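Just below is one structure, and these are the notes that go with it.
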Amino acid sequence: MSETRTFLLELHCEEIPARFLKPLTEEFARAFDEWSFAHKLRNEASVVFSLFSPRKLAWRLILPGEGLFTSQSDQSETQVGPPQKMCVDADGQPTQTGLKFAEKWGVDFSSVRFEQPAGKKEPCAVVTITKKGRPTIELLAEALPKLIESLHVPKAMRWGNSDFEFVRPIRNVLCLFGNEVVDLTVDGVSSSNTTWGHRLHHMQHPEPIPIGCPEDYEAALAKAGVVVSFEQRRQCMEAQLHDLAKAVEGRVVMDAELLDTLAEIVEFPMIVRGEFPKNFLELPKEVLVTSLKEHQKSFCVEDEAGQLLAYFLSAANRPIDPGSAAEKLVVAGNEWVLKARLYDARFFFAEDRKAKLETRLDKLKNLTFQRDLGSYLEKTDRIMQIAEQSAPKVGLDAGHAKEAARLCKADLRSLMVGEFPELQGIMGGEYLRRESAPKVVWQAVKEHYRPVGAEDGIPFTQEGCLLSLADKLDTVMGCFAVGIIPSGSKDPLALRRAGQGVVRILWEQGWALDLMELVRIALGVVGPKATKPEFETLTALESFFKDRVSYQLEQVGYAGPVRRSSLPVGWSDLVGLKARCEALAAFSEDPRFESLAQSAKRIGNILKDESPEPAFDPSVLQQAEEIALATRLTSLEAASDHASRLAALADLAQPLEAFFTAVLVKCEDSALRTARLSLLHRLRLSFLHIADFSLWQ
Amino acid sequence: MHIQELILRLQRFWADRGCLIGQPYDIEKGAGTMNPLTFFGALGKKPWNVAYVEPSRRPADGRYGENPFRVYKHLQFQVILKPSPAKVQDLYIESLSALGIDLAKHDLRFEEDNWESPTLGAWGVGWQVVLDGMEISQFTYFQQVGGLDCRPVSAELTYGIERICMFLGGYDNIFDLTWGEVRTDDGIFPVTYRQVRQREEFELSAYSFEHADLNLHRTLFEAFEKEGWHLLKDLGHFRSAYEQALKMSHTFNVLDSRGAVSTTERPGVIKRVRDLASGCARAYLEHEEPETANAAKNANEKPSTKAEGAK
């Protein structure tokens, strides 16, 4: 086996947008792995390791056994030529054709053999030639520029005089195979064994940094102020956030997404803490948290009770010594900017409250929800109807539901939501609270967009849940009714997310309200806008919601067999479905379950081409096993809830086994046969209250 | 640092690095990019480095001179470097040093911020330059201007003059900035931004939010458009036609700040400005560099997968 060497490639660029760093390094890593395995340059199924920072995309293979062979191994190839009779004459001497064939493959005629290859009718001239494996360093030099060029760059740019396109200008290429430079050029930039550190580092050390071998890479960069591992930067910043918050007796208002972003936009992990004037704490917490996050990529700090403190935590892209001039300036600068931002937020908050929220309703007329479905004012009207009609079904006050629905979209026309769209709903609720609206109304408005994503919870209040349902149902039904139906990766209006929200709310609230009943209420309301026939819409909606319900089962942890066998029995009554799944999941752990499931499948097979009457005369039954089974059936059918039904089912496992062992169902005696088939049919009907066991696998 | 000192230093710095020092263009506009020195300069093959101050009007940002951070009109310092130099970021950083910003004591980041001007049919990619958490400049590699590919690519640097001055001096109110000093026989009199600009802010805000005659502006918009197309189509005059496009753009901004353009009409109105501006861009190129214009035409006719962002 050939000797291996370590490998490193680094593209040093101008600052690459944070959101592209990970996808780009990962895409290249996949392409590189594929290429190196296809060329048999590596032993094991290890993957190339990716590193990145704002100015660097890097990949390396440095662990033992991970490296690339120094060259491809030699490969022998067999070449088939013309038939033997054309290559040698009657005297056994080579003909012109024969000599030419040998010449073509660079061998003496004596090395030509005559064999009959598969698929040929007669012996032909054959030579085996050895292709010398090429040195890996050459292969790398040829392949890497192509791999780089073929990267999928979503927002590619050109720069300078060149037509080359990439995510940002490439300014340096470092490429090492062991301690040798791989000679390659990308858009006119030739590779070397040097790179650049942090900008502060270049200012003091204008020379490029030599990297002796791939193993030295990370340490050399760390010395030059760049931590090139994303994970390391993230961990380090997370620890600093907690420490700095703790030092002022607070805790960080954590936000994993923001932490990821910070770790992507710096080359060196450093968090600083600043303060803002206490009087800004009058602003709603959500406004402060959002303003700090969106405008300044900063974290808030809260006390144990969840009240914000007048501190913030921001990232700096450089090392900062405590007490240094840099610390003072960086903190002061961040404080200055934040103050300006909060001043703006306070201005919006004050302006918005100069008029009551409902005065903005009229302006919803000019805000289009969707072309065929009209303005947000029209949407508001529909949400009101859906909420009003659904409220009594879950025991809520229709008046409050209607009022919350009337006001829920008004904040879309507030300055604050104009500035921070993610505060929609929250601001409406806050403004209503300050206008002394009833608590059930402002709370419902405030939380009616929830759940915002898979991580978010459903609204805390029942009224909030109802309003959220009404809004999401209108969105989904409305879009389906005008032919906007998600397919594949196309779901521009995030209907799947809205549909999932509907299912989650019903599931978690445990309201005894059939999903399809809600669908029909909402369809009735959006009906006048529909451009598609109702049956078409209804069919599409059924399959859409069935998928959402199945996904919900998966999300809460029900295994495939539970989902597959319980859904066909009924999916739109979520309370019933939940009870059945719980019972079924518990029962599937029971030692008797396997036997019962087998028997249920057997029943399914026996009844496949039969259509027995449910009623039968038990006195016809003869054998002890079938009589016992009939008795069990009576108690099974008497069971009124899933638990007792399952208990009765479990008790059925052994008698069923005994039945199948002793009784031949399809016997000669037709009266007996009919009774037996009916008995099995009734058993199956009872099973179907719980699940279709024939789909259990 | 005084406003005028900042401008002088930036002009000196960029003049020393091979830029022409241009002047603001005497028509209302929303950004320095709209100055013909940039709009036309970024087109075609000829090398072009230019730097200038541009007063930029954003009617919707008017706050009657009462908000300490937002104003109807602010000053941009604009630099165009064509083709974009390999060390353009280093040059920019040097310019900060020339303003007295010692980067050894500050935190500097280049954060993604892509620029697009739908009225000019122009877009580019780049960053906002963030110093200690504050955006002090926009940095853009132009990809298209007037709907035409930029080859070579220009780098555009835009410094927000008031912001940088406020930041450097730690001011909490834009109107407290010092514009410069007046020296007379009687002594030295510092002049503030308030003295020079606050009344103007008040009146211009009042004008665009309250007094501007909307019907007149709608009529003007139509008239500028008609005039522009007449100049461009009938006479082939792209410079005077471009002025009409600028006037359309400002008229639109006034209407927009009053909420007089509905969300549904908006894209259509913007397109009317863009169509005229793009027409001017093509005419300019045909006039200045016919071969480049032809090549661009041919490239546009061939459907290119790369241009669709397929890469």
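Chains C and Y, in that order, give the protein sequences. Read in this note's numbering, the first sequence has 480 at position 480, and its numbers run on one by one without any break. In this note's numbering, each residue's number is its place in the second sequence (first place is 1) plus 697. Beta carbons are placed, not taken as given, at the ideal position from N, Cα and C, and that holds for glycine. Please read all numbers here as calculations on a predicted model, not as lab measurements.
Check                                                                                                                                : Outcome
For Y:A974 and Y:F710, the rounded distance between their alpha carbons                                                              : 32 angstroms
Reduced DSSP secondary structure (H/G/I, E/B, other) of C:S162                                                                       : coil
C:R360 and C:S314 closer than 8 angstroms at C-beta                                                                                  : no
Within 9 angstroms of chain Y by C-beta, residues of the stretch 631–642 of chain C in sequence order                                : none
Beta-carbon neighbours of Y:Q708, restricted to chain C and to distances below 8 angstroms                                           : Chain C residues near Y:Q708: none, gap ~25 angstroms exceeds 8 angstroms.
Under 9 angstroms from the C-beta of Y:S814: neighbouring residues of chain C                                                        : Under the 9 angstroms cutoff, chain C gives no residues; its nearest Cβ is about 16 angstroms from Y:S814.
8 angstroms contact criterion, which Y:S834 and Y:G857 should meet: CB distance rounded                                              : 7 angstroms
Near-chain Y residues of the stretch 304–329 of chain C - C-beta to any C-beta below 7 angstroms                                     : S314, A316, N317, R318, A325, A326, L329
Y:A992 at chain C interface by Cβ criterion, 8 angstroms                                                                             : no
For C:Q654, the nearest candidate out of C:K666, C:A615, C:S599 (CA to CA)                                                           : C:S599
Residue range of the unbroken beta strand (DSSP E) whose run includes C:K56                                                          : 56–61
Whole alpha helix (DSSP H) elements within the stretch 720–786 of chain Y, 4-residue minimum                                         : 733–736
Cutoff 8 angstroms: C:Y551 Cβ touching any chain Y Cβ                                                                                : no
Y:E878 vs Y:I871 beta-carbon contact at 8 angstroms                                                                                  : no
Interface positions of the stretch 786–808 of chain Y facing chain C (Cβ-Cβ less than 8 angstroms), listed along the chain           : Q786, I790, L800, A801, K802, H803, D804, L805, R806, F807, E808
Beta-carbon contacts of C:V549 that lie in its chain and below 6 angstroms, excluding the five residues immediately before and after : V503, W571
Closer than 8 angstroms to chain Y by CB, C:K56                                                                                      : no
The stretch 114–130 of chain C contacting the stretch 77–96 of chain C, beta-carbon criterion three pairs below 8 angstroms          : yes
Contact between the stretch 6–26 of chain C and the stretch 168–175 of chain C (3+ Cβ pairs under 8 angstroms)                       : yes
Residue from C:E138, C:K601, C:Y431, C:V394 with nearest C-alpha to C:D411                                                           : C:Y431
Distance between Y:E809 and Y:A990 (C-alpha atoms, nearest Å)                                                                        : 31 angstroms
C-alpha distance - Y:L854 paired with C:I62, whole-angstrom precision                                                                : 41 angstroms
Contact with chain C by Y:F864, beta-carbon distance below 8 angstroms                                                               : yes
Secondary structure, alpha helix (DSSP H): runs of 4+ residues fully inside the stretch 403–483 of chain C                           : 415–419, 426–434, 439–447, 462–481
The stretch 838–853 of chain Y touching the stretch 966–985 of chain Y, judged by at least three CB pairs closer than 8 angstroms    : yes
Simplified DSSP state of Y:K1008, which is helix, strand or coil                                                                     : Residue placement at Y:K1008 is poorly supported in this model, since its pLDDT is 30, which falls under 50; the coordinates are not used for a value here.
For Y:E791, three-class secondary structure by DSSP                                                                                  : helix
CB contact check: C:L200 to chain Y, cutoff 8 angstroms                                                                              : yes
For C:W571, the three-state DSSP class (helix, strand or coil)                                                                       : coil
Within chain C, partners of Y:Y838 - CB distance below 7 angstroms                                                                   : M157, W159
Below-8 angstroms beta-carbon distance, Y:M698 vs any chain C residue                                                                : no
Coil, strand or helix - C:T674 by DSSP                                                                                               : helix
For C:E589 and C:Q552, the rounded distance between their alpha carbons                                                              : 22 angstroms
Complete alpha helix (DSSP H) runs within the stretch 162–205 of chain C (minimum length 4 residues, chain order)                    : 199–204
Contact residues within the stretch 844–860 of chain Y, judged by C-beta distance below 9 angstroms to chain C                       : D846, C847, R848, P849, V850, A852
Chain Y residues whose Cβ lies nearer than 8 angstroms to that of C:G333                                                             : H803, D804, L828, D829, G830, M831, F864
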